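In terms of the working numbering, the sequence shown is residues 18 to 111. Here a beta-carbon is modelled for each residue, glycine too, at the ideal position from N, C-alpha and C. Remember, it's a predicted structure, so these values are computed and weren't measured experimentally.
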Amino acid sequence: MDNPRSATLRISLERAPAYALLYTVDQRVGAAIPYRILGQERLRTLLTQLALHVAETDIMLTRVAAGITYVLDLNHIDRETAERLLRRFAYTLS
Numbered sequence: 018m019d020n021p022r023s024a025t026l027r028i029s030l031e032r033a034p035a036y037a038l039l040y041t042v043d044q045r046v047g048a049a050i051p052y053r054i055l056g057q058e059r060l061r062t063l064l065t066q067l068a069l070h071v072a073e074t075d076i077m078l079t080r081v082a083a084g085i086t087y088v089l090d091l092n093h094i095d096r097e098t099a100e101r102l103l104r105r106f107a108y109t110l111s
């Protein structure tokens, strides 16, 4: 039986065209991995791979472009898949 977990991806505009991502798994433990991704289209592709709907992606990108940090719930994706996709499209800052 899998233990329930909490996973989020915090997305903010660092400075165009760079976005800061903070992937957090299980806030009780505090495991967080910072990433950076270059370009809105690359971010859009990552979000599509993370199974976001196009409408949700458009709203999120608009908010982030306006300087609003967006926190995305990733509980619908297993940790291995999320981390594999993040490594594919972004790079870690640690």
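One alpha carbon belongs to residue 81, the other to residue 93, and they sit about 22 angstroms apart. Rounded to the nearest whole angstrom, the C-alpha separation of residue 79 and residue 67 is 18 angstroms.
By the neighbour-count definition (other C-beta atoms within 10 Å, threshold 16), residue 54 is a buried residue.
Residue 33 has its alpha-carbon roughly 24 angstroms from the corresponding atom of residue 90.
A distance below 8 angstroms between beta-carbons, with the five flanking residues on each side excluded, links residue 52 to the following residues of its chain, in chain order: 37, 38, 39, 40, 103, 107, 108, 109 and 110.
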